[in-house]
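Data first, discussion second: the structure below is written as C-alpha cells.
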Amino acid sequence: MFRRTRRHSLQKSLVLATTVMLLCGIVVHAQDTTNLSGTVVDPEGKVISGATVTATNTGNGTSRRVTTGDDGAYTFNQLSPGRYSVRAEAKGFKVSVQENVELVVRTPANLPFVLEVGSVSETVTVSGGETLINRTDATIGNAFTAPQITQLPLEGRNVAGLLSLQPGVTFIGRVNSDGGTTDSRNGSVNGGKSDQANVTLDGVDVNDQQNGLAFNSSLRVTLDSVQEFRVVTSNANAEQGRSSGAQISLVTKGGTNTFHGSAYEFNRNTLFEANDWFNNSVSPEVPRPSLIRNVYGASVGGPILKDRLFFFANYEGRRDARGASVLRTVPSVD
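According to the working numbering, the sequence shown is numbered sequentially starting from -3.
In C-alpha cells form, the structure reads like this:
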C-alpha cells in the first residue's frame, strides 16, 4: 500500500556582521586577508627609495601607508579584501594614483608604479578595475566575488557548492553499501579524499567534522552575507594547510560608507518537477509527491559613523511543504 505523507519544515538563519573601525584606522573584521606589493621606479626603470605608498579602501575609508626600501619595493600585509585606491608619491616626481584596484581574499597581488618627473602637486590617475594576477605564490584556484556568488545557480543555496566549478573537482557522492550515492555534495579535489577539504569563515574553522563532506560547512552561510571567497585547489601556503585538499576561505560582508541592501524570495514548485521513475512504473501510477520550497530573506548594511563604525545584517528563512510516497506492508483481508 502506498501512503502519502506531508511534512512542513522551517529553517531560519540569521547572520549579523558588524565592522568596527578604531580611531587609529585599523579595521576589526575578517581574519582572511590578502597582500599587496610592488616596486616604485622612475621612467628609466631606476628604483625610487623612500617613496610613500598609500592604500585606501574606497568602501569604508580605511587607509594604510608604507615607505619603499632601498630596492624600491613596498609591501602591504594583511589587507582586508575589497576595492582600493593606491597612491604613490616621492619628492621630485608627479603623484601617481591607481583607482579601482580589486584585492580578493588569499590572493597576493603585485602593483608596480612608474613615477613621472615633475611637481608633487601634479597627479597622474590610472583607472583600472580588473583583478590583479597573483605573481607572488604558487597557489592555484579562483576567487568568487559577491555578484558571482548571488547570481550563479546553487542547489540549496550552499555557497561552498561553488567549489564544484573549479578545475580538478569531481563529484562522487556518498557511496552506500548497495553501491548507490545519496549525497551530491561529496566529492574529490585533485584526487584527494572528500574529508580533506578545509573550510574557513573569516579565518575560523567551520569544517563539517561529523560527516566530512567535501562541499559543506558546519555553519549555514547565506549567499547574501558572503562578500567573496577563494578556493585553493592545490599548492596551498603554509598559513592554510591543515589538510591536503581544497582550501576554501569565506569572507562575510561588512558595512561601508554607503547604504546597501537587498530583499529576495525564491520559489521551487511541484508544477515544474517530473515524477519519480518508480512512481510511473507501477499501475495505477502514483502521483508525483509535492514539494514547495520558499527561500526568502533580506540584507542591509551601511555606516553608523562615517569612516568609523559600520553595520551589516542578513536574515534568511526557508520553508518546505513536502509530500512523499512510501511503501508499507499491511495484513491482508484474509
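A virtual CB, placed ideally from N, CA and C, is assigned to each residue, including glycine.
For I22, which residues in the same chain have their Cβ closer than 6 Å to its Cβ, ignoring the five residues on either side in sequence?
Translated into positions along the sequence shown, residue 22 becomes position 26. Since pLDDT at I22 reaches only 35, below the 50 mark, its modelled position is unreliable, and no value is offered.
D316 by DSSP, collapsed to three states: which one?
Translated into positions along the sequence shown, residue 316 becomes position 320. It is a strand residue.
In terms of alpha-carbon separation, which member of A84, R61, D28, P77 lies closest to V37?
Mapped onto the sequence shown, residue 37 falls at position 41. The candidate whose alpha carbon is nearest that of V37 is A84.
By the three-class DSSP mapping on this structure, what secondary structure does S328 have?
Within the sequence shown, residue 328 is the residue found at index 332, counting from 1. Residue state, collapsed to three classes: coil.
Opposite D201 in the DSSP bridges: which residues?
Translated into positions along the sequence shown, residue 201 becomes position 205. Bridge partners of D201: T196.
Rounded separation between P104 and I129 - CA only:
Taking the first residue of the sequence shown as 1, we reach residue 104 at position 108. Taking the first residue of the sequence shown as 1, we reach residue 129 at position 133. Between P104 and I129, the C-alpha separation is close to 8 Å.
Which residue from R153, F140, Y311 puts its Cα closest to that of V227?
Stepping through the sequence shown from its first residue, residue 227 is reached at position 231. When each option's Cα is compared against that of V227, the closest is F140.
So what does T58 bridge to, in DSSP terms?
Counted from its first residue, the sequence shown places residue 58 at position 62. Checking the DSSP bridge columns, you'll see T58 has no partner listed.
Mind the definition here: the segment 271 to 286 touches the segment 230 to 239 only if three or more C-beta pairs lie below 8 Å; say whether that holds.
no
Three or more C-beta pairs closer than 8 Å, one from the segment 307 to 314 and one from the segment 271 to 280: is that the case here?
The segment 307 to 314, when compared against the segment 271 to 280, does not touch it at the 8 Å Cβ threshold.
Give a yes or no on contact between the segment 74 to 90 and the segment 26 to 35, applying the rule of three or more CB pairs nearer than 8 Å.
The segment 74 to 90 vs the segment 26 to 35: in contact.
6 Å Cβ shell around T325 - same chain, five flanking residues per side excluded:
Reading the sequence shown from its first residue, position 329 is the one you call residue 325. Taken in chain order, the list of residues that qualify is empty.
Put S173 into one of helix, strand or coil per three-state DSSP.
For the purposes of this step, residue 173 is identified with residue 177 of the sequence shown, where counting begins at 1. Note that S173 has pLDDT 48, beneath the 50 cutoff, so the model's placement of it is unreliable and the number below is only indicative. Residue state for S173 is assigned as coil, using DSSP reduced to three classes.
Going by beta-carbon coordinates alone, are D220 and S245 separated by less than 7 Å?
Reading the sequence shown from its first residue, position 224 is the one you call residue 220. Reading the sequence shown from its first residue, position 249 is the one you call residue 245. The answer is no: Cβ separation not under 7 Å.
Presumed contact (8 Å Cβ cut-off) between K90 and L111, rounded CB distance:
The sequence position of residue 90 within the sequence shown is 94, counting from 1. The sequence position of residue 111 within the sequence shown is 115, counting from 1. Correct: roughly 6 Å between the Cβ atoms.
Tell me, please, whether the segment 45 to 61 touches the segment 247 to 258 by the rule of three or more beta-carbon pairs shorter than 8 Å.
yes
If I follow the unbroken beta strand (DSSP E) through Q147, where does it start and stop?
Reading the sequence shown from its first residue, position 151 is the one you call residue 147. Not the beta strand (DSSP E): Q147 falls in the alpha helix (DSSP H), residues 142 to 147.
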